[in-house]
Amino acid sequence: MYHHSCGSVALADSQSEANPGKQSSKRCSPTSPGTSPPPKSPRTDMMSPITETPDVAKGQQDIDVQEVQPENIDGPTGSSVSPTAHRKSWRRSTISRRSLPALPDPYQALCGNISTSLSHHERIVKLMEASMKLAIGRTQNQLQSVPNASLETFQKQVEHIQKEWGCLADSIHNETHQQPSSAARSSNPAVQKAMEKYQRAINRLQAESESWEALLNKHRNKAKELEMKVEHGQETGVSLESTSVAQSSQHLFIQSKPDYQAVLCKQQPLLHTMSMIMDTQCKMVRELLSIKTHSQLLVKETSGRLAAEAGFQDLSSDPLRNLMTAHLSSATS
Numbered sequence: 001m002y003h004h005s006c007g008s009v010a011l012a013d014s015q016s017e018a019n020p021g022k023q024s025s026k027r028c029s030p031t032s033p034g035t036s037p038p039p040k041s042p043r044t045d046m047m048s049p050i051t052e053t054p055d056v057a058k059g060q061q062d063i064d065v066q067e068v069q070p071e072n073i074d075g076p077t078g079s080s081v082s083p084t085a086h087r088k089s090w091r092r093s094t095i096s097r098r099s100l101p102a103l104p105d106p107y108q109a110l111c112g113n114i115s116t117s118l119s120h121h122e123r124i125v126k127l128m129e130a131s132m133k134l135a136i137g138r139t140q141n142q143l144q145s146v147p148n149a150s151l152e153t154f155q156k157q158v159e160h161i162q163k164e165w166g167c168l169a170d171s172i173h174n175e176t177h178q179q180p181s182s183a184a185r186s187s188n189p190a191v192q193k194a195m196e197k198y199q200r201a202i203n204r205l206q207a208e209s210e211s212w213e214a215l216l217n218k219h220r221n222k223a224k225e226l227e228m229k230v231e232h233g234q235e236t237g238v239s240l241e242s243t244s245v246a247q248s249s250q251h252l253f254i255q256s257k258p259d260y261q262a263v264l265c266k267q268q269p270l271l272h273t274m275s276m277i278m279d280t281q282c283k284m285v286r287e288l289l290s291i292k293t294h295s296q297l298l299v300k301e302t303s304g305r306l307a308a309e310a311g312f313q314d315l316s317s318d319p320l321r322n323l324m325t326a327h328l329s330s331a332t333s
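Residues in the sequence shown are numbered from 1 upward in steps of one, following full-length UniProt numbering.
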C-alpha cells in the first residue's frame, strides 16, 4: 500500500515536471464551485522555445514570429491575445516590411525642361507644347502598327494643328503683354475721366431706352385692350362709343382725312386726256425734227449744185461766217 502510494506520487511529480503550465493553471483554479472561472491566460507554448534558444537564432525567430503573428490575429487564438500585443506586433511587422517601389510617371518628364524662372503663362505654353508633342509621338507610333493607315494624312493634320497651336500661343502672349498696358491706361487720369464720361453717357442712354420701352409697353397694352373691346363689340353687336375707342389728340385729323382713292378715280378722265395730249405733242415734235433734217439735206444739195454751176469748186462750207470775219478785219484796220 505504501509502495503504491509512493508510486502514484512519483507519477504525479513526473507529470508536473513534464507540463509545468498545466500545474500552474491548476494552482490558480478557484476553490468555490459557484463562481465562474476567470479567462485563461495566453498560451506561452510558442514563445517558450524562443527564450531557450541562443542569441544568434533569437533574432531570426523574432522575425519569424513577427511574420506569423499578423496572419494569426483573426484566428481562433486571436481573441485571447491582448490589444497591446496586437499593436506591438503590427508595429514590428510594418517596420520590418519593405516598401513597394514608386510607380513610373511618364508625364513627369514634361515638366523637367520647363524653367521655374518663366512666368505663369509662359510655363503653361511650354507645358501645352510638350504635351502636344508627346501625344503626337504616341499617336504616330500607334498608327505605324495599324494596317492601311495613311501617315501623310496624319502629317498634314499635325501641321494644321501646329499652325493653330502657334496662333493660340501668340494670342496668349499678346494677352499677357496687353494686361500691363491696360493697367497703365487705367492709371492715367485723363483716361479715367474719359471712361467716366462714356460710362455716364451709356447710363443715360440706357435710362432713356428703358423709358421708351416702358412707354411702348403702355401703348401696346392700351392697343390690346381696345382690340379686345372691338372684338367683343363685333361678337355681341353692341355699338361702341367713339370717345372710348379714339382717345388720341389726333383722332379728329385722322377722321377728317380725305379719301385719296376716290379723288384719283374722279381725276382719271382728266389724266387720260392729258396723256393723249402729251402723245400728240410728241408726234408733232418728231415730225418737225424730220422736216428739219430734210431741209438741211435739201439746202446742202442745192448749194453744192449752184457752186458747181458757178465754178466755185473751193467754196467754203460756211460762206456767211467767212464774210463776217472779213468785214470785221477790214473795220479794225
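C-beta atoms are modelled at their ideal positions from N, C-alpha and C, and glycine is treated no differently.
**Item:** Three-state secondary structure (DSSP) of Val146
**Value:** coil
**Message:** Rounded to whole angstroms, what is the Cα-Cα separation between Val89 and Ala109?
**Reply:** Contrary to the premise, residue 89 reads as Ser rather than Val in this sequence. One C-alpha to the other measures close to 41 Å.
**Request:** Assign Val285 to buried or exposed, taking buried as 16 or more other Cβ atoms, counted over all protein chains shown, within 10 Å of its Cβ.
**Result:** exposed
**Request:** Could you name the residues of the same chain whose beta carbon sits closer than 6 Å to that of Gln192, not counting the 5 residues immediately before and after it, in chain order?
**Result:** none
**Message:** Quick check on Val125: buried or exposed, where buried means 16 or more other Cβ atoms within 10 Å of its Cβ?
**Reply:** buried
**Asked** Taking the alpha helix (DSSP H) that residue 334 falls in, what are its first and last residues?
**Response** Any question about residue 334 goes unanswered here, given that the chain covers just 1 to 333.
**Asked** If you pair each beta-carbon of the segment 155-162 with each one of the segment 110-120, do three or more pairs fall below 8 Å?
**Response** no
**Request:** Kindly list the residues whose CB is nearer than 7 Å to the CB of Ala169, restricted to its own chain and excluding five residues on each side of it in sequence; keep chain order.
**Result:** Val125
**Prompt:** If you draw a straight line from the alpha carbon of Asp194 to that of Ala214, how long is it in whole angstroms?
**Reply:** Reading off the sequence, residue 194 comes out as Ala, not Asp. Answer to the nearest angstrom: the Cα atoms are 30 Å apart.
**Prompt:** On the premise that Leu143 lies in contact with Leu134, defined as a C-beta separation below 8 Å, what is that separation, rounded to the nearest angstrom?
**Reply:** With a Cβ gap of about 15 Å, Leu134 and Leu143 do not count as contacting.
**Message:** Quick check: what's the CA-CA separation for Val299 versus Val263?
**Reply:** 54 Å
**Asked** Are the beta-carbon atoms belonging to Ile202 and His121 less than 7 Å from one another?
**Response** no
**Asked** In chain order, what residues of the same chain have a beta carbon less than 8 Å from the beta carbon of Ala57, not counting five sequence neighbours either side?
**Response** Here the model assigns Ala57 a pLDDT of 43, short of 50, so the residue's position is not dependable and the matter cannot be decided.
**Reduced DSSP secondary structure (H/G/I, E/B, other) of residue 352** = Given a span of 1 to 333 for the chain in the structure shown, any question on residue 352 remains unanswerable.
**Prompt:** From His272 to Lys229, what does the alpha carbon distance come to, in whole angstroms?
**Reply:** 46 Å
**Message:** Taking the alpha carbon of Trp165 as the reference point, which residue from Ser290, Asp279, Met132 and Glu235 has its own alpha carbon closest?
**Reply:** Met132
**Request:** Would you kindly work out how many angstroms separate the C-alpha atoms of Glu127 and Ala149, rounded to a whole number?
**Result:** In the sequence as displayed, the identity of residue 127 is Leu instead of Glu. Rounded to whole angstroms, Leu127 to Ala149 spans 29 Å at the Cα level.
**Prompt:** What span of residues does the alpha helix (DSSP H) with Ile202 cover, start to end?
**Reply:** Pro189 to Thr236
**Message:** I need the straight-line Cα distance from Glu210 to Arg204, nearest angstrom please.
**Reply:** 10 Å
**Prompt:** Taking the C-alpha atoms as reference points, what is the distance between His294 and Gln281?
**Reply:** 20 Å
**Asked** Taking just the CA atoms, how far does Gln162 sit from Pro189?
**Response** 43 Å
**Prompt:** Do you know how far the Cα of Ile277 is from the Cα of Glu225?
**Reply:** 55 Å
**Asked** Whose C-alpha, out of Pro147, Glu159 and Ser119, is nearest the C-alpha of Ile136?
**Response** Glu159
**Message:** Suppose you measure from the CA of Leu289 to the CA of Ala308; what does that come to, to the nearest Å?
**Reply:** 29 Å
**Request:** With a 10 Å radius around its C-beta and 16 neighbouring C-beta atoms as the bar for buried, classify Gly78 as buried or exposed.
**Result:** Here the model assigns Gly78 a pLDDT of 45, short of 50, so the residue's position is not dependable, and the following value carries that caveat. The residue is exposed, with fewer than 16 neighbouring Cβ atoms inside 10 Å.
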